[in-house]
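Trainee: In this text, residue positions in the first sequence follow my numbering: the first is 1243, and each later residue adds one. Glycine included, C-beta positions come from ideal geometry on N, C-alpha and C.
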Amino acid sequence: MKASAFHLFTTRETPAEAEIASHRLMLRSGMIRKLTSGIYTWTPMGLRVLRKVEAIVRDELDKAGYLEMLMPAVQPAELWDETGRWEKFGGQLLKIQDRAGRDYCFGPTHEEVVTDFVRNEIRSYKQLPVTFYQIQTKFRDEIRPRFGVMRAREFLMKDAYSFHIDHASMDETYWEMYEVYSRIFTRTGLRFRSVEADSGAIGGSQSHEFHVLADSGEDLIAFSDQSDYASNLELATVAKPPGNLAAPAEKLRVVDTPDAHTIDELVSGYGAAIEKTIKTLIVHAAGECEADFVALLVRGDRVLNELKAARLEQVASPLRFASDEDIRSAIGAGPGSLGPVGLELPVVADQEVALMSDFVAGANSDNKHYFGINWSRDVDLPVTADLRNAVAGDLSPDGQGNLQLARGIEVGHIFQLGTAYSEAMNAVVLGEDGKSHVLHMGCYGIGVSRIVAAAIEQNHDERGIIWPEPIAPFQLALLPMNAKKSHRVRAAADQLYAELLEAGVDVFYDDRNLRPGVMFNDIELIGIPHRVVIGERGLDNGALEYRQRNDTENSELPLEGALAAILEKLQAG
RNA sequence: CGGGGCGUGGCGCAGUCUGGUAGCGCACUACAAUGGGGUUGUAGGGGUCGAAGGUUCGAAUCCUUUCGCCCCGACCA
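#1: Run the CB neighbour count on ASN1792, radius 10 Å, all protein chains shown included, and call it buried at 16 or more, exposed below.
#2: Using alpha carbons as the reference points, say which of ASN1755, ASN1763, GLN1813, GLU1741 lies closest to GLU1802.
#3: Could you check what DSSP says for ARG1382 in three-state terms: helix, strand or coil?
#4: Just grab the DSSP bridge partners of LEU1738 for me.
#5: Quick test of your reading: PRO1582 and VAL1589, contact by CB under 8 Å. State the CB separation rounded to the nearest angstrom.
#6: Just to confirm the assignment, what range does the beta strand (DSSP E) spanning TYR1367 have?
#7: If you follow the beta strand (DSSP E) that MET1761 is part of, which residue opens it and which one closes it?
#8: Hey, how far is the Cα of ARG1779 from the Cα of GLY1288?
#9: Specify, as a first and last residue, the run of the alpha helix (DSSP H) that PHE1427 falls within.
#10: Can TYR1663 and THR1373 be called in contact, C-beta distance under 8 Å?
#11: Is DSSP giving ARG1598 helix, strand or coil here?
#12: Rounded to the nearest angstrom, how far is the Cβ of ALA1402 from that of TYR1686, given a contact under 8 Å?
#13: Should ASN1701 and ILE1693 be called a contact, given that it needs their Cβ atoms to be closer than 8 Å?
#14: Out of curiosity, what's the CA-to-CA distance linking GLY1689 and SER1449?
#15: Taking the alpha-carbon positions, what's the HIS1503 to PRO1577 distance?
#16: Look at the alpha carbon of PHE1452 and the alpha carbon of PHE1601, and state the distance between them as a whole number of angstroms.
#17: Within 10 angstroms of the Cβ of ASN1474, are there 16 or more other Cβ atoms? Answer buried if so, exposed if not.
#18: Please confirm whether GLU1699 and ALA1456 have their CB atoms less than 8 Å apart.
#19: Taking the C-alpha atoms as reference points, what is the distance between ARG1393 and GLY1280?
#20: Excluding the 5 residues flanking LEU1805 on each side, which residues of the same chain have their C-beta closer than 8 Å to its C-beta?
#21: Please state whether DSSP places GLU1451 in a helix, a strand or coil.
#22: Please name the residue, chosen from GLY1333, GLN1317, GLY1332, that lies closest to ASP1340 on a Cα-to-Cα basis.
#23: Based on the DSSP output, what are the partners of TRP1709 in its beta bridges?
#24: Hey, which unbroken runs of the beta strand (DSSP E) at 3 residues or more fall wholly within the stretch 1768-1804?
#25: Identify which residue in ARG1705, PHE1750, VAL1749, ALA1807 has its Cα closest to the Cα of GLU1255.
#26: So the candidates are LYS1493, PRO1257, ILE1505, ASN1631; which of them puts its Cα closest to the Cα of LEU1549?
#27: Specify, as a first and last residue, the run of the beta strand (DSSP E) that ILE1693 falls within.
#28: Taking the continuous alpha helix (DSSP H) assigned at HIS1265, which residues delimit it?
#29: At which residues does the beta strand (DSSP E) containing ILE1274 begin and terminate?
#30: Tell me whether MET1761 is buried or exposed, calling it buried when 16 or more other Cβ atoms sit within 10 Å of its Cβ.
#31: Does the stretch 1622-1638 come close enough to the stretch 1475-1484 that 3 or more CB-CB pairs lie under 8 Å?
#32: Give, in chain order, every unbroken run of the beta strand (DSSP E) that is at least 3 residues long and sits entirely within the stretch 1313-1365.
#33: By Cβ distance, which residues of its chain are closer than 6 Å to GLU1798, with the 5 residues on each side in sequence left out?
#34: ASN1614 and LYS1521: beta carbons closer than 8 Å?
#35: Could you tell me if ILE1808 is buried or exposed, where buried requires 16 or more neighbouring beta carbons within 10 angstroms of its beta carbon?
#36: What alpha helix (DSSP H) runs, 4 residues minimum, are completely inside the stretch 1532-1584?
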């Protein structure tokens, strides 16, 4: 591609709206332009990257024998009524009407449509298992779109759905898809990790997420340094800590703590060691619980895991924290002064809290804390559970190694749906036994447009994007120096360009007659992995200059046989 | 939805407090010089200051309403 025939939309300045690196760089390199909140145009440059990601995804899915199709983006409300999701999906569902006033939505996902298709077309177990997929624009009316295409409202997604006669078949395809996903993300050239995930409201027994690792990622993942264990932090179980309850060493005493309303203030103002403090969190109780509220205890330096808390039978799900007023009327003290001693509410303690001794907690009286609290002696040992987020250094739940934490960007998610949708929509087939069987389903998503942003988030520097080769918009940039004046430079560049094209190289030939600095900056901003410079200087020595996006120094390639030398560099990556 | 901020040429901004008829940098056009890391000069084009209403002799500026966008939070099969 010649630059003169390919519009670049690079900018020197960053639009004020861009907060994170990938968004800034996508705007500056001219890959995307915003139309309105959460909705973007992909420019020719941006689309090249998107298409490369798409091609990898498609290729691996096709190889696995899954069938590409294309379903409608606009879907009738009746279908969504069948699964109850017209209401349940909430504000994220973009609802629209046609001229007759009939309700439709712009598809945020396609379980309903694909299940409808399958229940109409698939009659027999002999046609199973089958997996359909599509790569299509989705729309989810996010409460707060942000970070450019990272969390856009309109985005490109690969969604796949598998159908099975039974659970075993679904399980088999699920793990097959897990491998396919691993191959896909490996091929993109990105550093990624698959983790156990919460299957959430969609239900189902198995779920994994695939994360591109990046320090700016919004998700935290925990993994063992010695085994394959890896999990989304919200799901990572904390092993029961070893050890026994120590004998009390201190006396229980009340301390006036007028300036301590948080753990930090308790530590800094009153000399409490943070690992000797406990946080008392009041949440709404489950309907069947006799009390209105439940107290949850975690160590002062730990973070309550809301997902784990909501799973407790005593606790309302989803988790709801009690308001300050609720707490005051139930306990008679404010949130900064709560503790287990003398508390007349059901209490659940994190398993680690049960092993604490001589600890500090609120006295359920404003501006007072107990110091030197010990279980049994001062207050009954409560029920215990795993309530906190894992932290780096925790024992791995599988008993092998210790946990480490990393940040990730979720780019893929696979689920075993089971019969949730097929039952609601009466999607059945005849089995070998001559009877109707409700279909088992799996669903599998990849955020294609998000991968592009995640790739940049993982691979960039102060100059711009550093594309992994497999998804770079161009493999190689060819830059002639001062070609306007130098006919031999131009001639050499033209010739090499022709040879590269002939050899099938995805080359970007900057024939814009710009000053070198401008070209260098553009090419580095766009992040093309390889660069060849042709100038008078080099021609005098029979050489070309070569460097990779990551290099800090140029190297030389012979002008004679340049094509072969370049191809070798491209091969080597 | 709650809290905060911003809307002035394509982009980044000043001007708003204290009303006087719109400015800077980048980008763009033409010409010239320059030519290995965002080059310089000269001359240009482009904005009903988000929108509507009001106050005033006069509104980017003051008042009211409204729309959009961004950030934090809640939310995120």
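Mentor: Taking the structure as given:
#1: Position 550 of the first sequence, counting from 1, holds the residue named residue 1792. Within 10 angstroms of the beta-carbon of ASN1792 lie fewer than 16 other beta-carbons, which makes it exposed.
#2: Reading the first sequence from its first residue, position 560 is the one you call residue 1802. Among ASN1755, ASN1763, GLN1813, GLU1741, the Cα nearest to that of GLU1802 belongs to GLU1741.
#3: Counted from its first residue, the first sequence places residue 1382 at position 140. Looking at ARG1382 - three-state DSSP - the assignment turns out to be coil, as it is neither helix nor strand.
#4: Here residue 1738 is taken as the residue at index 496 of the first sequence, counted from 1. Under DSSP, LEU1738 shares a beta bridge with no residue.
#5: What you label residue 1582 is simply residue 340 of the first sequence in a count that begins at 1. What you label residue 1589 is simply residue 347 of the first sequence in a count that begins at 1. In this structure PRO1582 touches VAL1589 by the C-beta definition: roughly 6 Å separates them, less than 8 Å.
#6: Residue numbering aside, residue 1367 sits at position 125 when the first sequence is read from its first letter. Here TYR1367 belongs to no beta strand (DSSP E), and DSSP marks it neither H nor E.
#7: Here the question's residue 1761 lines up with position 519 in the first sequence. Annotation: MET1761 is outside any beta strand (DSSP E); the continuous alpha helix (DSSP H) that includes it extends over 1758-1768.
#8: Indexing the first sequence from 1 puts residue 1779 at position 537. Indexing the first sequence from 1 puts residue 1288 at position 46. Straight-line spacing of the CA atoms in ARG1779 and GLY1288 works out to 34 Å.
#9: In the first sequence, residue 1427 corresponds to position 185, counting from 1. It spans 1409-1430 - the alpha helix (DSSP H) in which PHE1427 sits, taken as one unbroken run.
#10: Taking the first residue of the first sequence as position 1, residue 1663 is located at position 421. Taking the first residue of the first sequence as position 1, residue 1373 is located at position 131. At the C-beta level, TYR1663 and THR1373 stay beyond 8 Å of one another.
#11: Against the first sequence, residue 1598 aligns to sequence position 356. A small fix is needed here, since residue 1598 is Met in this sequence, not Arg. Here MET1598 sits in coil by DSSP.
#12: The count along the first sequence starts at 1 and reaches residue 1402 at position 160. The count along the first sequence starts at 1 and reaches residue 1686 at position 444. The beta-carbon separation of ALA1402 and TYR1686, rounded to 4 Å, stays under the 8 Å limit for a contact.
#13: One-based indexing of the first sequence puts residue 1701 at position 459. One-based indexing of the first sequence puts residue 1693 at position 451. Their beta carbons are not under 8 Å apart, which means ASN1701 does not touch ILE1693 by this criterion.
#14: Residue 1689 sits at position 447 when you count from the first residue of the first sequence. Residue 1449 sits at position 207 when you count from the first residue of the first sequence. The straight-line gap from Cα to Cα measures roughly 16 Å.
#15: Within the first sequence, the letter at position 261 stands for residue 1503. Within the first sequence, the letter at position 335 stands for residue 1577. Answer to the nearest angstrom: the Cα atoms are 8 Å apart.
#16: Your numbering for residue 1452 matches position 210 in the first sequence. Your numbering for residue 1601 matches position 359 in the first sequence. Their Cα atoms are separated by approximately 40 Å.
#17: Within the first sequence, residue 1474 is the residue found at index 232, counting from 1. With 16 or more neighbouring CB atoms inside 10 Å of its own CB, ASN1474 falls in the buried class.
#18: Mapped onto the first sequence, residue 1699 falls at position 457. Mapped onto the first sequence, residue 1456 falls at position 214. Their beta carbons are under 8 Å apart, which means GLU1699 touches ALA1456 by this criterion.
#19: Taking the first residue of the first sequence as 1, we reach residue 1393 at position 151. Taking the first residue of the first sequence as 1, we reach residue 1280 at position 38. Taking the straight line from one Cα to the other gives about 7 Å.
#20: Here residue 1805 refers to the residue found at position 563 when the first sequence is read from its first residue. Only LEU1738, GLU1741, LEU1742, ALA1745 meet the Cβ criterion.
#21: The residue you call residue 1451 lines up with position 209 of the first sequence. GLU1451 falls in the strand class under three-state DSSP.
#22: Taking the first residue of the first sequence as position 1, residue 1340 is located at position 98. Ranked by how close their Cα comes to the Cα of ASP1340, the residues GLY1333, GLN1317, GLY1332 have GLN1317 in first place.
#23: Within the first sequence, residue 1709 is the residue found at index 467, counting from 1. Looking at the DSSP output, TRP1709 sits in no beta bridge, so it has no partner there.
#24: Within the stretch 1768-1804, the complete beta strand (DSSP E) runs of at least 3 residues are 1772-1776, 1785-1790, 1797-1800.
#25: Position 13 of the first sequence, counted from the start, is the residue given in the question as residue 1255. Nearest option by C-alpha distance: ARG1705.
#26: To locate residue 1549, count along the first sequence from 1; it is residue 307. Cα-wise, what sits closest to LEU1549 is ASN1631.
#27: Here residue 1693 is taken as the residue at index 451 of the first sequence, counted from 1. In the DSSP assignment, ILE1693 falls outside any beta strand (DSSP E) and within the unbroken alpha helix (DSSP H) covering 1690-1700.
#28: Mapped onto the first sequence, residue 1265 falls at position 23. Where HIS1265 is concerned, the enclosing alpha helix (DSSP H) stretches over 1263-1270.
#29: Counting from one through the first sequence, the residue named residue 1274 turns up at place 32. Residues 1274-1278.
#30: Along the first sequence, one-based indexing puts residue 1761 at 519. So MET1761 ends up on the buried side.
#31: Enough Cβ pairs lie closer than 8 Å, so yes.
#32: The DSSP assignment places complete beta strand (DSSP E) segments of no fewer than 3 residues inside the stretch 1313-1365 at 1316-1318, 1336-1339, 1345-1348, in order along the chain.
#33: Taking the first sequence and counting its residues from 1, the one referred to as residue 1798 is at position 556. ALA1785, listed in sequence order.
#34: Locating residue 1614 in the first sequence gives position 372, counting from the first residue. Locating residue 1521 in the first sequence gives position 279, counting from the first residue. Note that residue 1614 is Gly in the sequence shown, not Asn. Between GLY1614 and LYS1521, the C-beta spacing is not below 8 Å.
#35: Position 566 of the first sequence, counted from the first residue, corresponds to residue 1808. Under this definition ILE1808 is a buried residue.
#36: Listed in chain order, they are 1548-1553, 1566-1573.
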